[in-house]
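First comes the structure, then the notes that go with it.
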Amino acid sequence: MRNTFKPRDITLAVCAVASLAGLALTQHAGAAPKANTKAAGTYVTGDFHNHTTCSDGTLSMKKLIDKSAKTYNLDWFVQADHGGSSTRNCTVAEDPFEPVAPALGLTNSTTGPYPPATYPSGGEPAALLKGPNQSWESTLPNGRADIKGDGTAVPKAMWRWQEIKEFQYAVTEAESRSRLKPIWIGVEQNAPGHEHVSTNVLKGQLPWPSTAAGGNANLQAQYEYCFDRSDADTSRGAENQWDCSVVGNASNSLINATAAKITGNNSAATPDLGHTKSLMGVAWMAEKAPTTSYFIPAHLERAGAYNPVASSGFNVEHLRNFNNVAPNVAFGFESMPGHQAEAGRGSYNTTAVGGGTYGGTGVYAAAIGGVWDALLGEGRGWWFFGSSDYHNRGQFGPDQRETTADFYPGEYTKDYVMSRRGTNNLSPEAIIDGLRSGNSFVANGDLIDRMAFVACAYNPGLPRPAFKALMEKAAINAVTKNAEVRIDGCATMGEKLVVRPGADILVTMAVRDPQGTNNSPYSFANPSLKQINITQPLNAPVLDHLDLIGGDVTGLVAPTDSAKYAGALGSAAATNKSTAVKKVFNSTSWTILPGGVRLMSYRIPAVSASQFVRLRGTNLPPSTPFESDVNGNPILDYDLSPSDQTVAGKVACTDAACPAHMRTVAGVKYSSFDVASWADLWFYSNPIFIEVTNSVKVAGINVK
5 MRNTFKPRDI TLAVCAVASL AGLALTQHAG AAPKANTKAA GTYVTGDFHN HTTCSDGTLS
65 MKKLIDKSAK TYNLDWFVQA DHGGSSTRNC TVAEDPFEPV APALGLTNST TGPYPPATYP
125 SGGEPAALLK GPNQSWESTL PNGRADIKGD GTAVPKAMWR WQEIKEFQYA VTEAESRSRL
185 KPIWIGVEQN APGHEHVSTN VLKGQLPWPS TAAGGNANLQ AQYEYCFDRS DADTSRGAEN
245 QWDCSVVGNA SNSLINATAA KITGNNSAAT PDLGHTKSLM GVAWMAEKAP TTSYFIPAHL
305 ERAGAYNPVA SSGFNVEHLR NFNNVAPNVA FGFESMPGHQ AEAGRGSYNT TAVGGGTYGG
365 TGVYAAAIGG VWDALLGEGR GWWFFGSSDY HNRGQFGPDQ RETTADFYPG EYTKDYVMSR
425 RGTNNLSPEA IIDGLRSGNS FVANGDLIDR MAFVACAYNP GLPRPAFKAL MEKAAINAVT
485 KNAEVRIDGC ATMGEKLVVR PGADILVTMA VRDPQGTNNS PYSFANPSLK QINITQPLNA
545 PVLDHLDLIG GDVTGLVAPT DSAKYAGALG SAAATNKSTA VKKVFNSTSW TILPGGVRLM
605 SYRIPAVSAS QFVRLRGTNL PPSTPFESDV NGNPILDYDL SPSDQTVAGK VACTDAACPA
665 HMRTVAGVKY SSFDVASWAD LWFYSNPIFI EVTNSVKVAG INVK
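Under our numbering, think of the first position of the sequence shown as 5, with each following residue one higher.
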C-alpha cells in the first residue's frame with residue numbers, strides 16, 4: 005500500500021544542520037521560534053468523526069475500531085457518535101462466523117447472496133439476535149429497567165450520556181490498551197442553532213498508554229447531556245444530578261431549573277438562542293478541560309447558510325464567536341467532509357453553501373479568498389481538518405471494498421498531526437495538542453503522506469544559494485524522518501515567523517508522493533485523466549501540481565464592526581481579496597528525489613506586511629474537464645456527477661473493469677460514487693504566518 009512504502013534513505017550531513025542552527029544567532033532577537041523549546045515529534049494519522057449503532061451508524065464499536073486501527077492502521081482514533089439517544093447496543097460485537105440466513109432474503113444486487121461472514125451495508129441483521137443492531141432493552145440484564153432518564157418508547161432508547169458513561173467508555177479503554185493505540189470517546193454534537201460539531205472532552209479518560217485504573221468519560225457524558233440539542237432528557241443525568249452552568253457566564257440566567265440546562269433552541273420566538281447555547285458549551289469546555297477538549301464544526305457548508313430561527317449551518321461570524329470564547333478549544337473546522345463516495349459527494353446537495361463540494365472540499369476552504377482565508381487574514385489560529393464520517397457502505401457490505409457511501413477511517417481521508425512526544429509513547433494529550441497547534445495537514449487517497457513546510461528569513465551573512473541549499477537539505481531530512489524542520493529562525497504550520505521590514509523570506513516545501521498503490525480496489529485508468537490522454541491507474545495516483553497560496557493579515561475584526569465581522573459566503577466579512585496562488589509547482593519546477601519526494605522553494609522578497617502562506621495539491625492538471633478550471637482550482641463536483649441520478653454524467657468510464665454500480669444511462673457508465681472520489685484527490689496544509697514588525701500583529705498565534 006502507498007501508505008506503508010519506505011523510501012531509500014536520503015542522507016543529510018550533520019554539518020549542514022549545525023550550520024543552519026548557527027545562522028539564527030545573527031538574526032534579530034525574537035524573530036522566530038526557538039527549536040530547542042519544542043519537543044521533537046512525528047506526524048501521526050487519525051480520525052475523530054465516525055459512527056456506530058449507538059447513533060446512526062451500522063457497525064459495533066469493536067468492528068469500527070478494528071477497521072480503523074488494524075485494517076487501515078491509523079495511529080489514533082476518536083469514536084464520536086451523535087448526541088441524543090439510540091435504541092441499539094453498539095457494544096455488542098458482530099459474530100464474524102455467523103452466515104447470513106438465506107431465509108432473510110439478504111442479497112446484493114451486484115454479486116448475489118452474501119457469503120458467510122459478510123453482512124449487508126446495515127450490518128449484522130437484528131433478526132439474527134446477534135450483533136450491534138439488537139436493542140439495549142433486549143441485551144441488558146434487567147432490560148428496560150437498566151435504561152435511565154426519561155423516555156417511554158418501545159424499545160426504550162438510551163440517552164447518549166448513559167451510553168458514554170456506563171457502556172462505551174469501557175469498550176474504548178479496553179480496545180485502546182489491547183491495541184496499544186490512543187482510542188477514546190468523543191461526540192458529534194447536534195449543535196444548538198447549527199448542524200453538527202465534532203467535540204471531545206478527554207479529561208478523565210485513560211486510554212493507552214495509561215495503565216491506571218479509574219478512567220471515566222463522565223465529563224464527555226455531561227457535555228452531551230448539557231449541550232446537545234437532540235438530548236431532551238431533563239433528569240440531570242439521573243443520579244448524577246448535573247448542573248450545566250458556567251462560572252460567571254451571562255447565559256446561566258437562561259437555564260431551566262428542572263433540567264439544569266438551557267432547553268430552548270433557535271426559533272421564531274427565541275432567535276439565536278441555540279447559538280447562544282453552543283457558545284456556552286464552548287465556555288463550559290474551556291472551564292472544565294481547557295487543554296484537553298476541542299469543538300470543531302463538521303461539514304459546515306452542508307446544511308446551507310445559518311438560520312437564526314432554525315438549526316442549520318454556520319456563517320463566518322459564528323466561527324469567529326466560537327474562537328473568541330475559547331481559542332484553545334474552538335480552533336478549526338472540518339471543511340473536508342466524510343461521505344466522499346456518496347452520489348452527492350460529502351453528502352452535500354445543491355442546497356449546501358456553494359451548491360456542493362469542490363474536489364471533495366466545502367467551499368469555505370476550497371474557494372481561494374473565501375471564509376477560511378478571511379479568518380486567516382485576521383491572524384486567527386483556525387485550522388483545516390477532514391474526517392471519514394463513517395456510517396455505512398451504501399449498496400455494499402461492510403467487508404467489501406467497493407462503496408457507494410462512506411470510506412472507513414484511514415481508507416481514504418487521513419489527518420496528519422504533529423505529535424510532540426519526544427522519547428515518550430504517543431498520547432491522546434499530545435494528539436489534541438497537535439490538533440490545537442495547527443501543525444497538521446489532510447490528504448485524500450494517499451496523494452501525499454509526508455510534508456515538510458517551513459518559512460525562514462534569509463541570513464545576510466550567508467550567500468543565498470548556500471542558504472537555500474541548506475534549507476532544502478533540512479526539508480528532505482524532515483520528510484525522510486516524517487518530522488518537521490526544527491531550526492531557530494524558522495516557522496512551520498501553525499506558527500508565525502517574526503521578521504523585520506524588508507526581510508527576504510524563503511519558503512521551502514518537500515512532500516512525499518508515496519510509491520505503489522493506495523486503498524482503491526480499482527486498477528483501471530482514471531476516467532477523469534483519460535479525457536486528456538493521461539493513462540494513470542486509479543489506485544496509483546500521481547501528484548500533478550502543488551499550489552502555494554498566500555494572503556495578507558490585516559488584523560482581528562471586532563464583533564462591533566458588523567460589516568466586516570458577520571455575513572454569508574461572498575460578503576465582505578467572509579472574503580480576503582488579497583489571497584491568491586503565489587506559485588504553482590509541478591514537474592517543470594520541482595525537484596524529484598528518490599522515494600517520490602518533491603522538493604520546492606519560493607522567495608518572498610522585501611516583506612513589508614504581515615501575511616500567511618498555505619499549500620494545496622491534486623492529482624489533476626488544470627483544465628481537466630469537469631474537475632478543474634484553467635487555474636487549477638477545483639470546480640463543483642456536481643458538474644461531473646449531477647444530482648439527478650437519472651441523467652447522464654459528464655465523464656464516461658469505458659474500461660471493461662468499470663464497476664456495475666456506477667451511474668449508468670443508456671448503457672453508458674459514468675464516473676460516480678467511489679470511482680469519482682478515487683479519481684479526484686486533494687491535500688491541504690495548514691498555514692504559516694509571517695509577522696512583520698511595525699506592521700499588523702498576528703495576534704492569534706504565539707511564537708512557538
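The C-beta atom is built at its ideal place from N, Cα and C for all residues, glycine as well.
Candidates the options, of which the one nearest residue i by Cα
i	options	result
V669	L573, K654, N270	K654
S315	P145, T274, Y420	T274
S612	P625, T558, S647, P563	T558
P525	C662, R490, P331, A514	C662
F528	E499, N481, D659, V489	D659
T95	S139, Q535, A703	S139
S647	G153, N353, A149	N353
T215	S431, R405, S614, R454	S431
T628	N523, A683, K568, A130	A683
Span of the beta strand (DSSP E), counted from its first residue to its last, around residue i
i	result
H200	200-205
F693	692-696
F589	584-589
Q83	80-83
W387	387-390
I536	Neither: I536 is in no beta strand (DSSP E) and is coded neither H nor E.
L501	500-503
Y606	601-608
S689	686-689
D556	549-556
F299	297-301
Residue i versus residue j: straight-line alpha-carbon distance, rounded
i	j	result
A236	H55	21 Å
W686	F471	31 Å
Y642	A307	16 Å
L133	G126	15 Å
R183	V201	28 Å
V511	F457	7 Å
A36	D70	The predicted position of A36 is uncertain, since its pLDDT is 43 and thus under 50; a value taken from the coordinates is nonetheless stated next. So the two alpha carbons sit approximately 42 Å from each other.
N429	P213	7 Å
T143	A84	22 Å
N332	R440	7 Å
E2	E228	Any answer about residue 2 is impossible in this case: the structure gives the chain only from 5 up to 708.
E128	E406	18 Å
T46	K485	8 Å
C657	G374	34 Å
N311	G197	8 Å
Assumed close pair residue i, residue j - CB separation to whole angstroms, cut-off 8 Å
i	j	result
A572	A254	With 8 Å as the limit, A572 and A254 do not qualify as a contact, their Cβ atoms being about 27 Å apart.
E338	I372	Not really, about 19 Å apart at Cβ, beyond 8 Å.
F616	P691	4 Å
D410	Y394	5 Å
S392	D51	5 Å
A570	N319	7 Å
R233	A195	7 Å
V446	Y688	5 Å
W188	V329	Contact doesn't hold; Cβ gap of about 24 Å is too wide.
Q224	V191	7 Å
Residue interval of the alpha helix (DSSP H) (run including residue i)
i	result
L323	320-329
M65	65-70
Q226	222-231
K281	277-292
K568	566-569
V175	173-183
Y368	367-370
V679	677-683
E141	140-143
Residue i in three-state terms, based on DSSP
i	result
W594	coil
M475	helix
T579	coil
G383	coil
I435	helix
S527	coil
Y642	helix
T111	Interpretation of T111 is limited by its pLDDT of 49, a score under 50 that renders its predicted location unreliable; the figure taken from the coordinates is listed afterwards. Correct three-state label for T111: strand.
V611	coil
Residue i beta carbon near the ligand GTP (any heavy atom closer than 7 Å)
i	result
A130	Among the components modelled here there is no ligand, and therefore nothing to report on the ligand GTP.
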